[in-house]
Amino acid sequence: GRGAPTLELPVPPIRLDALVVGGAPASLDPADLVVVGAPVQPGFDAPRLTRRYGVFLRGRGNVVAAGRFGYTEPDGTPEGRVPAPIRRACALLVLRWLA
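In this note's numbering, the protein residues as written are -13 to 85.
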């Protein structure tokens, strides 16, 4: 943590199952935590978690987020779908390794 209410993530969260800050479980309730992640919407600037009350304590390795992470696009479901270019790239990689 940086001692601030917002923590930028390296990858967008698709689903957040657990959050531990300083060794203590943190609330995932939308009234306590704003999650900006996938599916990625227009205007998306960065994946992040923002605590409405309190901060992410300053330190290294003291915040653990468990869940599903990655890039998806909206399809009407909560988790979204894998974008077509990523599905195609994965299929091409599989074909390369099978050849």
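Built from N, CA and C at the ideal position, the CB exists for glycine as well. Treat the numbers as computed from the prediction; the structure is a model and nothing was measured.
- Our two residues, V21 and P60, have alpha carbons roughly 16 Å apart in a direct line.
- When DSSP reads this structure, G53 sits in a beta bridge with L2.
- Closest by C-alpha distance to V(-3), out of G53, W83, V7, R67, is G53.
- The Cβ atoms of P(-9) and T63 do not sit closer than 8 Å to each other.
- Put simply, the backbone Cα of N48 is about 44 Å away from that of A85.
- Distance from A51 to P(-1) at the Cβ level is roughly 7 Å; contact confirmed, criterion being Cβ atoms closer than 8 Å.
- For R34, there is no enclosing alpha helix (DSSP H); the enclosing beta strand (DSSP E) covers residues 34 to 37.
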